[in-house]
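Engineer: Take this structure, written in structure tokens, and hold onto it; I'll ask about it next.
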DNA sequence: AAAATAGTGTCTCTAAGACAGTATATA
DNA sequence: TATATACTGTCTTAGAGACACTATTTT
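Protein chains in written order, with UniProt numbering: chain B, 1 to 246; chain U, 1 to 246.
See the structure below:
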């Protein structure tokens, strides 16, 4: 395959066309201890190594954008997250967003069940990566972020909150099999509200193919309670009817 | 500002990092003659000048992605569309999507009212740009498209159909002031369904800040009918409650 | 008058929300 | 026993859809 990166004939004379560095930054959200949290890392290069930033990597030759996103999580946070749901958020291409020059960044949204079990050692253990409460970040109580990541993070949070309404994305936050109580606590953490457990259950089970009941029951928590039925994800990606935010 | 495009220190030794050509491709949708139509052009350079493609341009130094999108419409279709609603669709970065080499393309979705009045002469007049029925393109009855644009186009159509449900985007397809009949025909064209005029009216006027009534009435069509009230866009961007697809 | 489009009234049905009540676990 | 969680029943109300009816225009 040709690797010619010069301007196409016909535009060269009239248009100054450049190439840009292309990067992928990942906003990984998860629910820990009942709160929505975001993964941040210290970049291992560049002008912001002492600040917190989204894990990001430059795109390599012959590497897809999705692959770059997975690599950023692996190399900067020590996360091997094959069960993470990854989707594009949007692309940030402001000419001055990176002080080193023009860098176009494709931002990804990643949603995972709690990942404590996956990780032992690595950046999460030695403090080069950490989870931060989304409530603090949105309220200004979080650390300052590198680059324009303080613009990306609110977009990621709002996208997640919004997609919980009309897609089956909430199940990406829980490991299978899960109980409807666990799923309800996902909605409560992401939206920051309390939901009526009875009405929530009715909506979830009546939404077509959202969840499918499986065999067995889950053990109650340390303070008791009736054992809960267990479910796995259904095949629906969109929710009918939607789960509207209160 | 530094324009250093070499790899950042610390990654150079371990990672082959390249720069990519970055392009913007625009899927412009409009409703003409009661049907949803897509703007396609013949590229003025590259390997696909004799095929139809989305209007696209390489991003220039110090040019924002939004500016590139507007420039693509202007230079390739002769469209000056200041009232077009432009938003990012997603970014296509497959390593082999362009035979000339690695080109990462940021795709935009553009929605406009009918543009006949804006254009006289230029590519739309001499056949280098044209509108195509979305129904034919989706059903395989359209022309073959250049690059991977046959993957972008369905994404654009589905995005438009979906955003009509829960955002106020439909008003981007009509010029102000508009009647609720015109707005209803937008929904009917984009979704490809017939809607009950009475129920549609009730939903639109009860959705908070979707449309605002203005003075005067619109003249009936050539076959008569009661003069319609006129409306302008309200300040809402999201629709509460949503306009669900039948 | 007939046809076309705009707008209102009203009925039915679904689903959301509030909340009382039942079931099954732990301490 | 008290407490916690899971689950069910029921009532009220909002909104979607079907469709009859009224209003105002053109031919």
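Note that the Cβ used here is the ideal one computed from N, Cα and C, for glycine as well.
1. Label residue 125 of chain B either buried or exposed according to how many other C-beta atoms from any shown protein chain fall within 10 Å of its C-beta, with 16 as the threshold for buried.
2. Measuring CB atoms only, is the segment 126-138 of chain U touching the segment 194-207 of chain U, in the sense that at least three cross pairs come out at less than 8 Å?
3. Going by DSSP in three states, residue 28 of chain U sits in which element: helix, strand or coil?
4. How many angstroms separate the CA atom of residue 114 of chain B from the CA atom of residue 175 of chain B?
5. Taking CB distances under 8 Å as the criterion, tell me whether residue 154 of chain B reaches chain U.
6. Taking residue 61 of chain U as the reference, give the member of B:94, B:226, B:243, B:67 with the closest Cα.
7. To the nearest angstrom, how far is the alpha carbon of residue 241 of chain B from that of residue 243 of chain U?
8. Got a sec: which bits of the segment 83-112 of chain B sit with their beta carbon under 8 Å from any beta carbon on chain U, in order along the chain?
9. Would you say residue 59 of chain B reaches chain U, if we count a Cβ-Cβ gap shorter than 8 Å as a contact?
10. For the alpha helix (DSSP H) that contains residue 200 of chain U, what are its first and last residues?
11. Listed in chain order, which residues of the segment 21-37 of chain B have Cβ atoms closer than 8 Å to some Cβ of chain U?
12. Please confirm whether residue 179 of chain B has its beta-carbon closer than 8 Å to some beta-carbon of chain U.
13. DSSP three-state label for residue 91 of chain B, please.
14. Assuming residue 39 of chain U and residue 28 of chain U make a contact with CB atoms under 8 Å, what is their CB distance in whole Å?
15. Which of the residues in the segment 163-197 of chain B, read from start to end, lie with their CB under 7 Å from any CB of chain U?
16. Exposed or buried, residue 25 of chain B, counting other C-beta atoms within 10 Å across all chains shown (16 or more means buried)?
17. In the DSSP assignment, find the alpha helix (DSSP H) that holds residue 187 of chain U and state where it starts and stops.
18. Kindly indicate if chain U contains any beta-carbon less than 8 Å away from that of residue 126 of chain B.
19. Using a C-beta cutoff of 8 Å, does residue 50 of chain U count as contacting chain B?
20. I want to see whether chain U comes within less than 8 Å of residue 63 of chain B, judged by CB atoms only; does it?
21. Inspect the beta-carbon positions of residue 173 of chain U and residue 111 of chain U and report whether they are closer than 8 Å.
22. Would you identify the three-state DSSP class for residue 135 of chain U, choosing helix, strand or coil?
23. Are the Cβ atoms of residue 189 of chain B and residue 89 of chain B separated by less than 8 Å?
Structural biologist: Well, looking at it:
1. exposed
2. no
3. strand
4. 8 Å
5. no
6. B:94
7. 12 Å
8. 88, 90, 91, 93, 94, 95, 96, 99, 100, 101, 102, 104, 106
9. yes
10. 197-206
11. 21, 22
12. no
13. strand
14. 4 Å
15. 166
16. buried
17. 180-191
18. no
19. no
20. yes
21. yes
22. helix
23. no
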